[in-house]
Every structure is written in structure tokens, then in C-alpha cells.
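Worksheet: one structure, shown below.
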Amino acid sequence: MKIKGLLVVNAVVLGGSGIFALLLPDKVLSLYGVESDAAIQLMAQYAGLGSLVIGLVAWFSRNVKDSKAQNSIVLAFFITYVIGAIISVLGTISGIMKVGWAVVGLYLIFALTYGYMLLKNCCRDKG
Numbered sequence: 829m830k831i832k833g834l835l836v837v838n839a840v841v842l843g844g845s846g847i848f849a850l851l852l853p854d855k856v857l858s859l860y861g862v863e864s865d866a867a868i869q870l871m872a873q874y875a876g877l878g879s880l881v882i883g884l885v886a887w888f889s890r891n892v893k894d895s896k897a898q899n900s901i902v903l904a905f906f907i908t909y910v911i912g913a914i915i916s917v918l919g920t921i922s923g924i925m926k927v928g929w930a931v932v933g934l935y936l937i938f939a940l941t942y943g944y945m946l947l948k949n950c951c952r953d954k955g
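The numbering of the sequence shown is the working numbering, which starts it at 829 and goes up by one.
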């Protein structure tokens, strides 16, 4: 997969989930088995905003041609998804998230794919 394709997939998945969380926070929380009140719904909307921002950055950076800029974007997303995977694992093993392993899987897929892109670009730039 090329970086552009990965960024488009990232934009659709995170942008879509962000919009869903912004507009229907109670539905998103119920998917995770979280009982919600107004404060928790507000926090879900903030999380949705963060997901939407990731999706927008991915979408608007999909056509970047400069290799240094591309590597910076890929590195930022790699770090984001590694941290997200760690947080999701901790939330899942503690029992907070009912469907946490699906979220862990999503974060790991993106982390591994962005990590692969980093290695591929690193080797390409040196070779």
C-alpha cells in the first residue's frame, strides 16, 4: 500500500468515527458498554473531535509530495497509534472497555502499517 492510500483509509475510518462520536456520543458510548451522563457524553464529543482532526489531517495531507513532510506526517501518526494501542490495551485488560480488543486491533493495524511505511521510506531515502 502506498502512503496516499493509507492516509485515505485513515481519513475515512477516523473521520467517520469522529463525526459519529460528535453527533451521537450516547450511541458511541453504548457500543463500548459505557453508561453515560452529560459530562461523559461531552468527553466523548471531545474524543470525537480528536478523531475527526486526525481524519482531516490525513485527508488534507494525502497529496503531499515532499518526502520530509511525508515522513513527519507518518511518524506523527505512528506515534499516535502506538500510544492509542497502549491506552486501549490498558482499558481493555482493566475491564473498562467491553469491545476494547477491536479498538486495540484497529490501533495496532494503523501503528504497524505506519511503522512499515517509516521503515520503507527510511531505507528508500538512504538507498
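Think of the CB as a built atom: it goes at the ideal place given N, C-alpha and C, for glycine as much as any other residue.
Open item on the list: Taking 8 Å as the limit between beta carbons, can you name the residues of its chain near N838, skipping five residues before and five after?
Closed with: Cβ within range, chain order: I882, G883, A886, F905, F938.
- [ ] With DSSP as the reference, label V860 as helix, strand or coil.
- [x] Per the sequence shown, residue 860 should be read as Tyr rather than Val. Under the three-state reduction of DSSP output, Y860 falls in the coil class, being neither helix nor strand.
TODO: Give a yes or no on whether the C-beta atoms belonging to A849 and A875 are separated by under 8 Å.
DONE: yes
Task: Opening and closing residue of the alpha helix (DSSP H) in which N838 lies - done: 831–851
Task: Residues of its chain near G846, where Cβ-Cβ distance is below 6 Å and the 5 sequence neighbours each way are ignored - done: G876, S879, L880, G883
Open item on the list: Which of the three DSSP states is assigned to N891 in this structure?
Closed with: coil
- [ ] Tell me whether A866 is buried or exposed, calling it buried when 16 or more other Cβ atoms sit within 10 Å of its Cβ.
- [x] Exposed is the call here.
TODO: Alpha carbon to alpha carbon, how far is M829 from V840? Give it in angstroms, no decimals.
DONE: Using only the alpha carbons, I get a separation of about 16 Å.
Open item on the list: Applying the 10 Å Cβ sphere with the 16-neighbour rule, what's the burial state of L851?
Closed with: With fewer than 16 neighbouring CB atoms inside 10 Å of its own CB, L851 falls in the exposed class.
Open item on the list: I'd like the list of long-range same chain contacts for W929, defined as Cβ closer than 7 Å, with 5 residues on each side in sequence excluded.
Closed with: T920
Open item on the list: According to DSSP, is I924 part of a helix, a strand, or is it coil?
Closed with: coil
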